[in-house]
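For the sequence shown, the working numbering assigns the number 430 to the last residue and increments by one with no breaks.
So the structure is just underneath, and the comments pick up after that.
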Amino acid sequence: MIRLYYYLFYRIHRFTKKLGNYDVAFSSMAGLSGLLIFNLVSIINLVNPITKSNWGTVKNYIIAFAIIIFVFNYLVFIYKDKYKEIEKTFSKETNKQKKVSSLIVSIYLVLTLILIMTSMIHSQNIRRGMHIYQIKTESPVNPELD
285 MIRLYYYLFY RIHRFTKKLG NYDVAFSSMA GLSGLLIFNL VSIINLVNPI
335 TKSNWGTVKN YIIAFAIIIF VFNYLVFIYK DKYKEIEKTF SKETNKQKKV
385 SSLIVSIYLV LTLILIMTSM IHSQNIRRGM HIYQIKTESP VNPELD
């Protein structure tokens, strides 16, 4: 699992290099952190109507987890130039390994986009008063008309 995490960083790193960014390693680390934070926020957004948590408290937890993710990724990839070892490891891949790994990363990115879009649609529906978790019931009988 950690190898897949490293590979995801490696692919983001290669993409960032192609863009010509001046601080490729840090930008790659920030991009990976951003993906994880988007996943976290999307999942919380989908689960929050079930748990009925206070958004003020939830936002504080999101900020705390975002900081933890960012610091963790910094220590794993940037601190003491550890990204260079990861780059060396994956640059020796065979074409078959690249295809399989690229497919896995692509599936992860597509699932992340689907999760974000689902979360956004769900948020809009909640704002409109349409909760997917509510059980539809018949409208109550007006006692004044009986």
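Yeah, the Cβ is synthetic: ideal placement off N, Cα and C, and Gly gets one too.
**Prompt:** Looking at C-beta atoms only, is the number of pairs between the stretch 365-383 and the stretch 327-345 that lie closer than 8 Å three or more?
**Reply:** The answer is no - the stretch 327-345 does not touch the stretch 365-383, with fewer than three Cβ pairs under 8 Å.
Give me, in chain order, the residues of the same chain whose beta-carbon lies closer than 8 Å to that of T300; leave out the 5 immediate sequence neighbours on both sides. Cβ-Cβ distances below 8 Å link T300 to V308, S311, S312 and G315 in the same chain, with the five nearest sequence neighbours on each side left out; the list follows chain order.
**OP:** Take the Cβ of I286 as the centre, count every other Cβ of all protein chains shown within 10 Å, and call the residue buried at 16 or more, exposed below.
**Re:** exposed
DSSP on E371, reduced to helix/strand/coil?
helix
| request: Work out the CA separation of Y392 and L324 for me, nearest whole Å. | output: 14 Å
Requested in this report: Might you give, ordered along the chain, the residues of its own chain that have their beta carbon closer than 7 Å to the beta carbon of I321, omitting 5 neighbours on each side?
Outcome: Sequence-distant Cβ neighbours of I321 in its own chain, meaning closer than 7 Å and more than five residues away, are A350 and I353.
Residue range of the unbroken alpha helix (DSSP H) whose run includes G235: Absent from the model: residue 235. The displayed extent of the chain is 285 to 430, so no value can be given.
| task | Please classify F338: does DSSP put it in a helix, a strand, or coil? | result | Checking the displayed sequence, the identity of residue 338 turns out to be Asn instead of Phe. In this structure, N338 counts as coil in the three-state DSSP scheme.
- [ ] Report buried or exposed for L292, applying the criterion of at least 16 other Cβ atoms within 10 angstroms of its Cβ.
- [x] buried
- request: Can you tell me which of the three DSSP states G413 falls into?
  value: coil
Are I362 and Y290 close, meaning C-beta to C-beta below 7 Å? no
| message | Rounding to the nearest angstrom, what Cα-Cα distance links L387 and Y294 in this structure? | response | 14 Å
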